[in-house]
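Undergrad: If you scroll down you'll find the structure; I have some questions about it.
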Amino acid sequence: MVSSTEGVAIWAVVPAAGAGQRFGAGRPKQYLSLRPGLCILEATLQPLLADPRLHGIAVPLAPDDEYWDGLALSRDRRLHACEGGAERADSVLRGLAHLRSLGAADEDWVLVHDAVRPWLTAGALSRLLDATLESGDAGILALPVVDTVKRVDEAGRIVETVPREQIWLAQTPQMARLGRLEQALSQQLAQGHWPTDEAAALEAAGETVRVVLGERGNIKITHSEDLKGRD
Ligand SMILES: Nc1ccn([C@@H]2O[C@H](COP(=O)(O)OP(=O)(O)OP(=O)(O)O)[C@@H](O)[C@H]2O)c(=O)n1
Ligand SMILES: C[C@](O)(CO)[C@H](O)COP(=O)(O)O
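Just so you know, the working numbering puts 45 at position 53 of the sequence shown, and the rest follows in order with no gaps.
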């Protein structure tokens, strides 16, 4: 195993098994073209592959995926495709299991990064790696909210203005010890919960998770408007 820091390797999981229903294109959004010769998933993988600290990257795919093999990048020796699951958390767990089969250990670190966040910068990635390795706690990129926050009822009436000083919006990558993340996600699924991010599972397991300043440009492509005017 290649050691990245004190005999502990750093891995990544990039869950790419989603169908992109909210986006509503003719193919899963991670395979839409950002510019000629570069799809969203390839752009997402580039900054991770460019960081020599990352030992290997699992890429969970839909069982009926028909696009991955056509990407030139799929032949990169640090990329390892595997089968994803029904929900994002299932796909991440399968990715972790795949990393285990490649030799990943409990104390290794793993970064989980959405396949549809193609604008992660090397600076933000390094900030997360450096802060997390230094603190030893799990960490996620996130942004403090800049707007006034309202809680509303079912009819859309404002119930209260929520103090925003402690409200942050979660991004990815999210980084944790592999064994602890695997255990936390497994516990959630066993209890019938499907957390929408890794931090939620870790929080429920009582782990400390720190926020690290993300970037406004590191958006998740969810709806078709998210791609308008960008390349
Ligand atoms: N069963 C699933 C569902 C989602 N994802 C991945 O999780 C990330 C964030 O999910 P989201 O934006 O919700 O993607 P989709 O599930 O594709 O979108 P939608 O919910 O609109 O179908 C994406 O990289 C997506 O491919 C996954 O690997 N496996
Ligand atoms: C993981 C995530 O991208 C953090 O913002 C987000 O929670 C995914 O949410 P989704 O509803 O599954 O798209």
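Cβ coordinates follow ideal geometry from the N, Cα and C atoms, glycine included.
Source: prediction; values computed, not measured.
At 3 residues or longer, what runs of the beta strand (DSSP E) sit wholly inside the segment 144 to 198?
TA: Whole beta strand (DSSP E) segments, 3+ residues: 150 to 154 and 160 to 169.
Undergrad: Name the two residues that bound the continuous alpha helix (DSSP H) containing valine 84.
TA: As a first step, residue 84 must be located in the sequence shown, where it is residue number 92. Here the alpha helix (DSSP H) through valine 84 covers 80 to 93.
Undergrad: Do the CB positions of leucine 108 and lysine 21 come within less than 8 angstroms of each other?
TA: Residue 108 sits at position 116 when you count from the first residue of the sequence shown. Residue 21 sits at position 29 when you count from the first residue of the sequence shown. Note that residue 108 corresponds to valine in the displayed sequence, not to leucine. A contact, by the Cβ cut-off of 8 angstroms.
Undergrad: Does DSSP put tryptophan 60 in a helix, in a strand, or in coil?
TA: Locating residue 60 in the sequence shown gives position 68, where the first residue counts as 1. Three-state DSSP puts tryptophan 60 in a helix.
Undergrad: Between Val201, Arg27 and Arg92, which has its C-alpha nearest proline 165's C-alpha?
TA: Counted from its first residue, the sequence shown places residue 165 at position 173. Per the Cα distances, Val201.
Undergrad: Could you check which residue in Glu174, Ile211, Gly206 and Ser178 has the C-alpha nearest to that of glutamate 4?
TA: The residue given as residue 4 occupies position 12 in the sequence shown. As written in the sequence, residue 4 is alanine, which differs from the glutamate given in the question. For the residues Glu174, Ile211, Gly206 and Ser178, the minimum Cα distance to alanine 4 belongs to Glu174.
Undergrad: With DSSP as the reference, please indicate the residues paired to leucine 71 in a beta bridge.
TA: On the sequence shown, residue 71 is found 79 positions in, with the first residue counted as 1. Leucine 71 pairs with Ile49.
Undergrad: DSSP state of glycine 131, grouped into three classes?
TA: As a working mapping, residue 131 is identified with position 139 in the sequence shown. Reduced to three states, the DSSP call for glycine 131 is strand.
Undergrad: Whose CA, out of Asp139, Ala73 and Arg222, lies closest to the CA of leucine 161?
TA: Numbered from 1 along the sequence shown, position 169 holds the residue referred to as residue 161. Among Asp139, Ala73 and Arg222, the Cα nearest to that of leucine 161 belongs to Asp139.
Undergrad: Specify the secondary structure class of leucine 121 as computed by DSSP and reduced to three states.
TA: Indexing the sequence shown from 1 puts residue 121 at position 129. Three-state result, leucine 121: helix.
Undergrad: Any heavy atom of ligand 2 closer than 7 angstroms to the Cβ of lysine 21?
TA: What you label residue 21 is simply residue 29 of the sequence shown in a count that begins at 1. No.
Undergrad: Please state if the CB of isoleucine 132 and the CB of valine 203 are separated by a distance shorter than 8 angstroms.
TA: As a position in the sequence shown, residue 203 is number 211, starting the count at 1. As a position in the sequence shown, residue 132 is number 140, starting the count at 1. A contact, by the Cβ cut-off of 8 angstroms.
Undergrad: Using the C-alpha atoms, what's the distance from leucine 63 back to alanine 193?
TA: Residue numbering aside, residue 193 sits at position 201 when the sequence shown is read from its first letter. Residue numbering aside, residue 63 sits at position 71 when the sequence shown is read from its first letter. Each residue's alpha carbon lies about 32 angstroms from the other.
Undergrad: What is the DSSP secondary structure of proline 136, counted as helix, strand or coil?
TA: Within the sequence shown, numbered from 1, the residue matching residue 136 stands at position 144. Correct three-state label for proline 136: strand.
Undergrad: Hey, is the segment 49 to 58 in contact with the segment 2 to 18, meaning 3+ C-beta pairs nearer than 8 angstroms?
TA: Flag = yes, the segment 49 to 58 and the segment 2 to 18 touch.
Undergrad: Between Arg70, Arg69 and Leu85, which lies nearest to glycine 76 when the distance is taken from Cα to Cα?
TA: On the sequence shown, residue 76 is found 84 positions in, with the first residue counted as 1. Cα-wise, what sits closest to glycine 76 is Leu85.
Undergrad: Could you tell me if the beta carbon of glycine 206 falls within a distance shorter than 7 angstroms of some heavy atom in ligand 1?
TA: Taking the sequence shown and counting its residues from 1, the one referred to as residue 206 is at position 214. No.
Undergrad: May I have the straight-line CA-CA distance separating leucine 120 from glycine 184, to the nearest angstrom?
TA: Residue mapping note: residue 120 aligns to position 128 of the sequence shown, counting from 1. Residue mapping note: residue 184 aligns to position 192 of the sequence shown, counting from 1. Using only the alpha carbons, I get a separation of about 30 angstroms.
Undergrad: Drop a sphere of 10 angstroms on the beta-carbon of serine 25, count the other beta-carbons inside from all chains shown, and report buried for 16 or more, exposed for fewer.
TA: If you number the sequence shown from 1, residue 25 lands on position 33. Per the 10 Å Cβ criterion, exposed.
Undergrad: Would the beta-carbon of aspartate 57 fall within 8 angstroms of that of arginine 169?
TA: For the purposes of this step, residue 57 is taken as residue 65 along the sequence shown, with counting starting at 1. For the purposes of this step, residue 169 is taken as residue 177 along the sequence shown, with counting starting at 1. In this structure, arginine 169 does not lie closer than 8 angstroms to aspartate 57 by Cβ.
Undergrad: Per DSSP, serine 25 is paired with what?
TA: In the sequence shown, counting from the first residue as 1, residue 25 sits at position 33. For serine 25, which the question treats as bridged, DSSP gives the partners Cys31.
Undergrad: Is it the case that the Cβ atoms of arginine 143 and valine 154 are separated by a distance below 8 angstroms?
TA: Here the question's residue 143 lines up with position 151 in the sequence shown. Here the question's residue 154 lines up with position 162 in the sequence shown. Taking 8 angstroms as the Cβ cut-off, arginine 143 and valine 154 qualify as a contacting pair.
Undergrad: Report buried or exposed for glutamate 34, applying the criterion of at least 16 other Cβ atoms within 10 angstroms of its Cβ.
TA: Counted from its first residue, the sequence shown places residue 34 at position 42. Buried is the call here.
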